[in-house]
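Participant:
Number of protein chains: 2
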Amino acid sequence: MSGNRPATSMDVARAAGVSQATVSYVLNDRPGSRISEETRSRVRDAAERLGYVPHAGARTLRTGSSGVVLVAVPDIPQGPLATGLLEELDKELGGRGYTVVQYGARRTKGVAAAKAWAELRPTAVVADASRLTRAGIEVLRAAGVKAIIGMGHAPMDDVPSLLTDHEGVGALAVRHLVERGRDPVVAVVPREEGLREMGLARLRGARSAGVPVTAVDLAFDEAEAAAFVAGLKGGEGVFAYNDEYAMLLLAALHDAGLRVPGDVAVIGCDDLPLARLTRPRLSTVRPDLSAAPARMATLIDRLVRGTACGDVDVWTLQLIERDST
Amino acid sequence: MSGNRPATSMDVARAAGVSQATVSYVLNDRPGSRISEETRSRVRDAAERLGYVPHAGARTLRTGSSGVVLVAVPDIPQGPLATGLLEELDKELGGRGYTVVQYGARRTKGVAAAKAWAELRPTAVVADASRLTRAGIEVLRAAGVKAIIGMGHAPMDDVPSLLTDHEGVGALAVRHLVERGRDPVVAVVPREEGLREMGLARLRGARSAGVPVTAVDLAFDEAEAAAFVAGLKGGEGVFAYNDEYAMLLLAALHDAGLRVPGDVAVIGCDDLPLARLTRPRLSTVRPDLSAAPARMATLIDRLVRGTACGDVDVWTLQLIERDST
Numbered sequence: 001m002s003g004n005r006p007a008t009s010m011d012v013a014r015a016a017g018v019s020q021a022t023v024s025y026v027l028n029d030r031p032g033s034r035i036s037e038e039t040r041s042r043v044r045d046a047a048e049r050l051g052y053v054p055h056a057g058a059r060t061l062r063t064g065s066s067g068v069v070l071v072a073v074p075d076i077p078q079g080p081l082a083t084g085l086l087e088e089l090d091k092e093l094g095g096r097g098y099t100v101v102q103y104g105a106r107r108t109k110g111v112a113a114a115k116a117w118a119e120l121r122p123t124a125v126v127a128d129a130s131r132l133t134r135a136g137i138e139v140l141r142a143a144g145v146k147a148i149i150g151m152g153h154a155p156m157d158d159v160p161s162l163l164t165d166h167e168g169v170g171a172l173a174v175r176h177l178v179e180r181g182r183d184p185v186v187a188v189v190p191r192e193e194g195l196r197e198m199g200l201a202r203l204r205g206a207r208s209a210g211v212p213v214t215a216v217d218l219a220f221d222e223a224e225a226a227a228f229v230a231g232l233k234g235g236e237g238v239f240a241y242n243d244e245y246a247m248l249l250l251a252a253l254h255d256a257g258l259r260v261p262g263d264v265a266v267i268g269c270d271d272l273p274l275a276r277l278t279r280p281r282l283s284t285v286r287p288d289l290s291a292a293p294a295r296m297a298t299l300i301d302r303l304v305r306g307t308a309c310g311d312v313d314v315w316t317l318q319l320i321e322r323d324s325t
Numbered sequence: 001m002s003g004n005r006p007a008t009s010m011d012v013a014r015a016a017g018v019s020q021a022t023v024s025y026v027l028n029d030r031p032g033s034r035i036s037e038e039t040r041s042r043v044r045d046a047a048e049r050l051g052y053v054p055h056a057g058a059r060t061l062r063t064g065s066s067g068v069v070l071v072a073v074p075d076i077p078q079g080p081l082a083t084g085l086l087e088e089l090d091k092e093l094g095g096r097g098y099t100v101v102q103y104g105a106r107r108t109k110g111v112a113a114a115k116a117w118a119e120l121r122p123t124a125v126v127a128d129a130s131r132l133t134r135a136g137i138e139v140l141r142a143a144g145v146k147a148i149i150g151m152g153h154a155p156m157d158d159v160p161s162l163l164t165d166h167e168g169v170g171a172l173a174v175r176h177l178v179e180r181g182r183d184p185v186v187a188v189v190p191r192e193e194g195l196r197e198m199g200l201a202r203l204r205g206a207r208s209a210g211v212p213v214t215a216v217d218l219a220f221d222e223a224e225a226a227a228f229v230a231g232l233k234g235g236e237g238v239f240a241y242n243d244e245y246a247m248l249l250l251a252a253l254h255d256a257g258l259r260v261p262g263d264v265a266v267i268g269c270d271d272l273p274l275a276r277l278t279r280p281r282l283s284t285v286r287p288d289l290s291a292a293p294a295r296m297a298t299l300i301d302r303l304v305r306g307t308a309c310g311d312v313d314v315w316t317l318q319l320i321e322r323d324s325t
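Protein chains in written order, with UniProt numbering: chain A, 1 to 325; chain B, 1 to 325.
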């Protein structure tokens, strides 16, 4: 170690008796150089001895690509689905030489968000579509970001998207309720900021199924759920937005002495492990994300390499019929 | 913009007719320079026009501090507690000029993990204690990381810790069960890797409360829960490790026709929103994390500035008595 400052590639070069360029070639595994195995191992030994590690930032300065994939986490609470997805994406991209970092959860968007992200000189940025404005995208491009990808439920004009088909969730749930003879059909739209927009997309899907659907605004609140349940007449099929809202309604229906599915049928979305523990067991729409990490990694890698490509579906949907419908 | 490469501080200097050092002083808000407001606004205008954003990596090279706080996310699924905590930490540190990034969830530890983290030249690293080996800490120090902090339930020799008091959870839960006249007392230890160690710490705490405590190994599985419940004789008080396991047991007890708390009392931990929806409503130990973000930010900031400081408690514990005990 050189005093108490971190070792630099210059220190490694001096210790190994080679040029700084040689150190860079060896430690970054760059192709196209004729460096002997003996020199390579001398450089690697010196780096090891001095505690030198390559610097993603310095790599950026030299090659224009840090390999950093910046994922701007959405403002909504991260469920186990999102966590597992990021873990798998990290594995997929790690195998291709990228480093995934999640950017802190500050609620910025547009140019302000883009400038903050650009400070890390990422090679790729994956962000919620609502946070990517046209001006923000320009800031990222000017800062050398090669792949810019939106996540959302509708395609974007300027950049490719990872599409989460919320309309499909609503349509699948309501078709199931209709098949089970439910009438009328009710769809819950959560009032929380961050969920509301997805709720409205699910409602649009619910209404595409060919039957009248009543929309109900609902906060995640036991008193509101009790008031909603008190207004039911029996026979309803309720698409509860997700499993958490479905569990809220199941508790309220239980408290009101209503039978599920005898009086009211309830279906959720997500197939949360906890939602399988309800009695009756909850029917749900399961978003199958198993193909998503590989698709996302391929999309990012193609954009970085400049190969044209389009939108990608994050999930496929599957109806899980249990006892609540 | 300069062709299709990102604008550099040199481009800004040329456009504003000043030196590169002046650009650096103005855009990084560094103190101690005498630059007129007129020059400052000319530099800022040029940066804006060229789409230039400062480069966290380049800042590292000049000042030795990137301001990046790298949080290596734990291998266990991230609950809403952990998510909220990171969001608040990000706000606290953002206000002090730091940038929080979460590093991908690859299951590395020791030197391998430290080398990967060091590539981003963070100013601070916060990682699960189990991933910080002595050799790994040396790698980080050699790479110029100024603050290295472990997260775990026991203090560490080499670095300060953010302490999560799992023993306190077990002790508080069992004292409550004893006060409610429960005998015998049973503590669930989850079998999942990643949870098991915390389960054993909670068990140690449970056994410190002064009564015999039977430990039960349990996977998060309905069949196993049913088998466990079939062996109960009545009168037991069960500390279920956390709210999710408590919900698993409530479902199994319901299926077996046992009354809660009449036959068996159950207490969880976490105070999850979903766990409030159980019938009977779940008693739980609530880890209050509200003071944690400010404490963590202060610890990180002090370490970066070289001010000596010690371990910090992440949470305080509170018993929430509802209807299941």
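Even for Gly, the Cβ is constructed at its ideal location relative to N, Cα and C.
If you're wondering where the values come from, they're calculated on a predicted model, not measured in any experiment.
#1: Apply the 10 Å Cβ neighbour rule to Asn28/A and answer buried if 16 or more other Cβ atoms are within range, or exposed otherwise.
#2: Of the choices Leu232/A, Glu138/A and Glu222/A, whose alpha-carbon is the least far from that of Asp183/A?
#3: In angstroms with no decimal places, state the Cα-to-Cα distance between Gly310/A and Pro160/A.
#4: Straight-line CA distance for Pro6/B to Asp288/A?
#5: Can you pull the chain B residues whose beta carbon is under 8 Å from the beta carbon of Met151/A, in chain order?
#6: Could you pull the start and end residues of the alpha helix (DSSP H) that Ile137/A belongs to?
#7: To the nearest angstrom, how far is the alpha carbon of Ser65/B from that of Val312/A?
#8: Count the other CB atoms within 10 Å of the CB of Gly95/B; is the residue buried (16 or more) or exposed (fewer)?
#9: Are Leu248/A and Val285/A closer than 8 Å when you measure CB to CB?
#10: Just checking my contact of Lys109/B with Arg131/B at CB under 8 Å: how many whole Å lie between their CB atoms?
#11: If you count every other CB in all the chains shown that lies within 10 Å of the CB of Gly181/A, and 16 or more means buried, which is it?
#12: Please name the residue in Ala206/B, Ala112/B, Arg305/B and Val260/B whose C-alpha comes closest to that of Val178/B.
#13: Kindly indicate if chain B contains any beta-carbon less than 8 Å away from that of His55/A.
#14: Output, in sequence order along the chain, the residues in the stretch 289 to 319 of chain B whose CB is closer than 9 Å to any CB in chain A.
#15: From the beta carbon of Glu179/A, is the nearest beta carbon of chain B less than 8 Å away?
#16: Tell me the rounded alpha-carbon separation between residue 326/B and Gly84/B.
#17: Considering only residues of the same chain and omitting the five flanking positions on each side of Pro155/B, which have a CB-CB separation below 6 Å?
#18: What residues from chain B crowd round Lys115/A, counting only those whose CB sits closer than 8 Å?
#19: From the beta carbon of Gln20/A, is the nearest beta carbon of chain B less than 8 Å away?
#20: Nearest CA to the CA of Tyr103/B: which residue from His166/A, Ile137/A and Leu70/A?
#21: When the distance is taken between beta carbons, is Ala209/B closer than 8 Å to Val174/B?
#22: Taking 8 Å as the cut-off, does the stretch 265 to 273 of chain B touch the stretch 294 to 302 of chain B (at least 3 CB pairs, one atom from each stretch)?
#23: Out of Val238/B, Ser9/B and Lys146/B, which one is the CA nearest neighbour of His55/B?
#24: Closest by CA to Leu253/B, which one among Asn242/B, Val53/B, Gly234/B and Tyr241/B?
#25: Excluding the five sequence neighbours on either side, which residues of its own chain have a C-beta within less than 8 Å of the C-beta of Phe228/A, listed in chain order?
#26: For Phe239/B, list the residues DSSP reports as bridge partners.
#27: Out of Asp157/A, Val23/A, Asp271/A and Leu282/A, state which residue places its alpha-carbon closest to the alpha-carbon of Arg40/A.
#28: Let me know the secondary structure DSSP gives Gly150/B once reduced to three states.
#29: By the DSSP assignment, the alpha helix (DSSP H) with Thr278/B in it spans what residues?
#30: Just the chain B side, please: which residues come within less than 8 Å of Met10/A by C-beta, in chain order?
#31: Do Met151/A and Val126/A have their C-beta atoms closer together than 8 Å?
#32: Can you name the residues that DSSP bridges to Gln318/B?
#33: Rounded to the nearest angstrom, what separates Val53/B and Ala47/B at their Cα positions?
#34: Consult DSSP for Leu93/A and reduce its assignment to one of helix, strand or coil.
#35: Are the beta-carbon atoms belonging to residue 331/B and Val101/A less than 8 Å from one another?
#36: For Lys146/A and Ala124/A, which I take to be in contact (beta-carbon distance under 8 Å), what is that distance rounded to the nearest angstrom?
Facilitator: In short:
#1: Classification for Asn28/A: exposed.
#2: Leu232/A
#3: 6 Å
#4: Looking at the backbone, the Cα of Pro6/B and that of Asp288/A are separated by about 39 Å.
#5: Going along chain B, no residue has its Cβ under 8 Å from Met151/A, so there is no contact; the nearest lies around 17 Å.
#6: Arg134 to Ala142
#7: 38 Å
#8: So Gly95/B counts as exposed.
#9: no
#10: 4 Å
#11: exposed
#12: Ala206/B
#13: yes
#14: none
#15: no
#16: This structure leaves residue 326/B out entirely; chain B is present only between 1 and 325.
#17: Ser161 and Asp311
#18: Val53
#19: no
#20: Of the candidates His166/A, Ile137/A and Leu70/A, Leu70/A places its Cα closest to the Cα of Tyr103/B.
#21: yes
#22: No, because fewer than three Cβ pairs between the stretch 294 to 302 of chain B and the stretch 265 to 273 of chain B fall closer than 8 Å, the two stretches do not touch.
#23: Out of Val238/B, Ser9/B and Lys146/B, Ser9/B has the C-alpha closest to the C-alpha of His55/B.
#24: Gly234/B
#25: Val216, Leu218, Leu249 and Ala252
#26: Ala187/B and Ile267/B
#27: Val23/A is the residue among Asp157/A, Val23/A, Asp271/A and Leu282/A whose C-alpha sits nearest the C-alpha of Arg40/A.
#28: Strand.
#29: First-last for Thr278/B: undefined, no H or E at that position.
#30: Under the 8 Å cutoff, chain B gives no residues; its nearest Cβ is about 12 Å from Met10/A.
#31: yes
#32: Arg286/B
#33: 7 Å
#34: helix
#35: This structure cannot speak to residue 331/B, because chain B is shown only from 1 to 325.
#36: 7 Å
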